[in-house]
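Below is one structure, written out as structure tokens; the observations come after it.
Written as structure tokens, this is what we have:
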């Protein structure tokens, strides 16, 4: 398993680990019942705290991507098409939302715009 941590990102390290493992599960690099490195081994390899790796593994398990067997290790869970579809929906953003997230559209701004349009149509001869 290949994981790269970018400490210059504003994304927490445990989330970077989670996203990279999810990507490897989605693209088939990690398959059902494949074992993940132990918390200790991965933390040593990445030179980070074991608690950070544990947090990533716990979140992956709570989201249904992995299964942890006490004393044995953490394994990739059985493929769940609904879970993978839900993940893809989270990543894709509808086109129609992007301009409104950047603009500060309030009721008063909409009312002002409506007033200007009404004024325009009254002044403009048809």
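In this note's numbering, the protein residues as written are 39 to 164. Ideal placement from N, C-alpha and C gives every residue a C-beta, glycine not left out.
Item, Value
"Secondary structure at residue 114, three-state DSSP: helix, strand or coil?", "strand"
"Which residue wins for smallest C-alpha separation from residue 77, given the options 66, 70, 96?", "96"
"Can you say whether residue 56 is buried or exposed, counting buried as having 16 or more other CB atoms within 10 angstroms of its CB?", "buried"
"What's the C-alpha gap between residue 80 and residue 69?", "18 angstroms"
"Three-state secondary structure (DSSP) at residue 45?", "coil"
"Could you give the residue range of the alpha helix (DSSP H) that holds residue 96?", "88-100"
"I'd like to confirm the pairing. Which residues does DSSP put opposite residue 73 in its beta bridges?", "113"
"Measuring CA to CA, which of 102, 110, 106 is closest to residue 124?", "102"
"Have a look at the DSSP bridge pairing and note the partners of residue 106.", "112"
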